[in-house]
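Q: Supplied in structure tokens, the structure appears directly below.
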Amino acid sequence: MEENKDKETIELKKIIINYFLYWKFFIAVFIVSLIFALLYLIYYPRTYEVMARIQILEDTDLIGGPASLGDASGLMKSFGLGSKMNAGVNLDDELAILNSNSLMSEMVKELGIYVTYSEPFSFFCTLYKTSPILFIPDSYTEENLDEEISFKVKGNKDFITIHSKSSVGKQTFQFNDLPAHLEIGEYKFTLTFNDHTPGNQKINLEISIRPASWVAEDLLNTFTIEEYSKTSNIIELIYTDYDKKRARDMVNTLISAYNQHADVIKKQEADSGISFLDNRINDIVDNLNKIEKIIEDYKTKNKLTNIEYDIQFYGEQIKEFQIKMIELEAQSHIVTLLEEYIKAPENKYKLIPMLLSMDEGEKGSPLSMYNEALLERTRILSNSERDNPLVHRLEEQIVKLRETVIQTIQNTSVSLHLSLVDLQTKEKLLIDKLGDYPTQEKEYVELRRQQEIFQGMYLILLQKREEIALKEATKEKARIVDTAFIKENPVAPRKLYAAFGVLFFTLFIPVSSLFIGKQFLSLRAEFLSRKK
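The sequence shown maps to residues -14 to 517 in our numbering.
Printed below as a string of structure tokens:
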């Protein structure tokens, strides 16, 4: 064993000494590597990391605070049709939205960074807000561009020459004055000077225009958007760039686009709820006016005065039953109205107002899943054709979910009816014991009950409408904890990377070259010896 170790040590020493014979080669590679490392440190732009933090606020349900629904509230909740103050925040959903191509594309369009300006030999460094020339596509081009178009612009304020390259081919344009308009196939652009461009400045630029979605796709690979911790609703957004202003603008604009996206969704839900409520409130007001007229005529016909004092014979139990029956009948009417709205053919692909859903903010609620499927269908249709297979699959899913929602509402209606029948039976037993009271008083009580039902429905729906309107005007979904700020130390170029690079190439290139060379010479010698 010791002899083998000695032999291995001797062999290793021979190899090391053999490589040291080529020390000049090692030094030459070291010098070349050092030169490249210095060039990297000198010419690579200083790149900084920009960070922002936002807190995703919990959204208040459209129906807001609880109404006085008594026992009916618990019954409604058991079927997923009730009210809850706050819906939880699903950070995975919010992260998916922030990392979506559509949201990133909105940011790209807002800042106009789908148009890149660079000077010759700028080593991929582009200008931001400092280009002497601005290329502005029209709205059609901005939305429908599906290729990259490049331009080379030379000249000054008195004469501009533009060479373009696109799928149409190469074209040349010349202008004596700006602004000017040019067309590349079906795409149109406006060319103008930046407001800060000096009159004597010579212009030599390379300009590239790409679809915003392509630029967004590239940015999604460089943006870091992640949750701050598992126990908070805070999200961190991190982006690195050599242009500090562009980095800050991109992060801040992305947050603004996210808030605008949330506002659009919130407005859609609010408009749907308010429209539903306005129609139902008008119907209830009409019914309330009718029942009040009937009561007035009834009291006049039967010459009833101070009937409120005459019916004090009702005991506390009967009063309690009446309150519960009013609550149950009000809820039953509301459920019926909602069922009619869902079954109406014209509302087939309209959002169901989250008027009664307690679980609208939670995954798994029938109404929530149905509305999410409708929103997904609308989103896909806005970006694709009607015959998209994904749309057909979603519509099949929507049909099934719609049946589930209808069945849930019907189950709730049946349960409410059974509870109401039970209360009516108990009330009848007590009223039968008071059968000596005039029939007119009993009929009047029934009319008053109907009036109170409509009054209760009116107050509930009116309260919900006000809460929906209030929610539509509430604060932004993402509250900025830290506005975009630049970290002190640059993330590139890094001296440590340069040092490791020099060390690696100084050792790897000579050793590998010498090893390969010796192997080649050995094989060549063996080949020649066999040939002889």
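All C-beta atoms, glycine included, are put in the ideal place defined by N, C-alpha and C.
Is it right to say Arg195 is buried, meaning 16 or more other beta carbons lie within 10 angstroms of its own, or is it exposed?
A: It counts as buried.
Q: Starting from the C-beta of Tyr443, find all residues in its chain whose C-beta is less than 8 Å away, skip the five residues before and the five after it, and write them out in chain order.
A: Listed in chain order, the non-local C-beta contacts of Tyr443 below 8 Å within the same chain comprise Ile266, Ile269, Val270 and Leu273, local neighbours out to five positions each way being set aside.
Q: Along the chain, where does the beta strand (DSSP E) that runs through Asn189 open and close?
A: DSSP places Asn189 inside the beta strand (DSSP E), whose first and last residues are Ile188 to Ile194.
Q: Can you tell me whether Arg515 is buried or exposed, with buried defined as 16 or more other CB within 10 angstroms of its CB?
A: exposed
Q: Please classify Thr126: is it buried, with 16 or more other beta-carbons within 10 angstroms of its beta-carbon, or exposed?
A: With 16 or more Cβ atoms within 10 Å of its Cβ, Thr126 is classed as buried.
Q: Excluding sequence positions up to five away, which residues of its chain have a Cβ less than 6 Å from the Cβ of Leu322?
A: Arg265
Q: Less than 6 Å between C-beta atoms, sequence neighbours within five positions excluded: which residues of the same chain meet that for Ile453?
A: Leu47, Ala255, Gly258 and Ile259
Q: Are the segment 140 to 150 and the segment 197 to 217 in contact at 8 Å, needing three or more beta carbon pairs?
A: no
Q: Do you know how far the Cα of Leu24 is from the Cα of Ile501?
A: 29 Å
Q: Please tell me whether Asn244 and Glu461 are closer than 8 Å, where the distance is taken between their beta carbons.
A: yes
Q: In whole angstroms, give me the CA-to-CA distance for Ile276 and Ser90.
A: 56 Å
Q: Excluding sequence positions up to five away, which residues of its chain have a Cβ less than 7 Å from the Cβ of Ser507?
A: Setting aside the 5 residues that flank it on each side, Ser507 has no residue in the same chain whose C-beta is closer than 7 Å to its C-beta.
Q: Mind checking Val476: buried by the 16 CB within 10 Å criterion, or exposed?
A: exposed
Q: Within this structure, are the beta carbons of Glu43 and Thr225 separated by less than 8 Å?
A: no
Q: Quick check on Ile337: does DSSP put it in helix, strand or coil?
A: coil
Q: Assign Asn129 to buried or exposed, taking buried as 16 or more other Cβ atoms, counted over all protein chains shown, within 10 Å of its Cβ.
A: exposed
Q: Go to Gly140, then tell me how far its beta strand (DSSP E) extends in each direction, as first and last residue.
A: Ile134 to Gly140
Q: Shortest alpha-carbon distance to Tyr429 belongs to which of Val384, Asp282 and Asp143?
A: Asp282
Q: Using CA atoms only, rank isn't needed, just tell me which of Thr182, Thr111, Asp78 and Tyr172 is closest to Ser124.
A: Tyr172
Q: I'd like to know whether the C-beta atoms of Phe158 and Phe120 end up nearer to each other than 8 Å.
A: Not in contact: Phe158 and Phe120 (Cβ atoms no closer than 8 Å).
Q: With a 10 Å radius around its C-beta and 16 neighbouring C-beta atoms as the bar for buried, classify Pro338 as buried or exposed.
A: buried
Q: For Ala197, which option in Gly97, Leu336 and Lys142 has the closest C-alpha, if you only look at C-alpha atoms?
A: Cα-wise, what sits closest to Ala197 is Gly97.
Q: Taking the alpha helix (DSSP H) that Glu461 belongs to, which residues open and close that run?
A: Run containing Glu461: none; DSSP gives neither H nor E here.
Q: With Leu222 and Ala463 assumed to form a contact (beta carbons below 8 Å), what rounded beta-carbon distance in angstroms separates them?
A: Taking C-beta atoms under 8 Å as the contact rule, Leu222 and Ala463 fail to qualify, at a distance of about 10 Å.
Q: In angstroms with no decimal places, state the Cα-to-Cα distance between His181 and Tyr113.
A: Their backbone Cα atoms lie some 13 Å apart in a straight line.
Q: Hey, Ile327 and Val390: beta-carbon distance below 8 Å or not?
A: yes
Q: Do you know offhand how far Gln504's Cα is from Ser107's?
A: 43 Å
Q: Sort out for me which residues DSSP pairs Gly154 with in a bridge.
A: Ser151
Q: Starting from the C-beta of Gly170, find all residues in its chain whose C-beta is less than 8 Å away, skip the five residues before and the five after it, and write them out in chain order.
A: For Gly170, where only same-chain residues beyond five positions count, the Cβ hits under 8 Å are Ser151, Ser152 and Val153.
Q: With DSSP collapsed to three states, give me the class of Tyr283.
A: helix
Q: Let me make sure I understand the geometry here. Which of His318, Lys413 and Gly486 has the alpha-carbon closest to that of Ile20?
A: Gly486
Q: By Cβ distance, which residues of its chain are closer than 6 Å to Gln382, with the 5 residues on each side in sequence left out?
A: Ala358
Q: If you draw a straight line from the C-alpha of Ile188 to the C-alpha of Ile12, how long is it?
A: Distance between the alpha carbons of Ile188 and Ile12: 44 Å.
Q: Excluding sequence positions up to five away, which residues of its chain have a Cβ less than 7 Å from the Cβ of Asp131?
A: Pro196
Q: I believe Val138 touches Ile192 by the beta-carbon criterion, under 8 Å. Please report the beta-carbon distance rounded to the nearest angstrom.
A: The Cβ separation is near 6 Å, so the contact holds.
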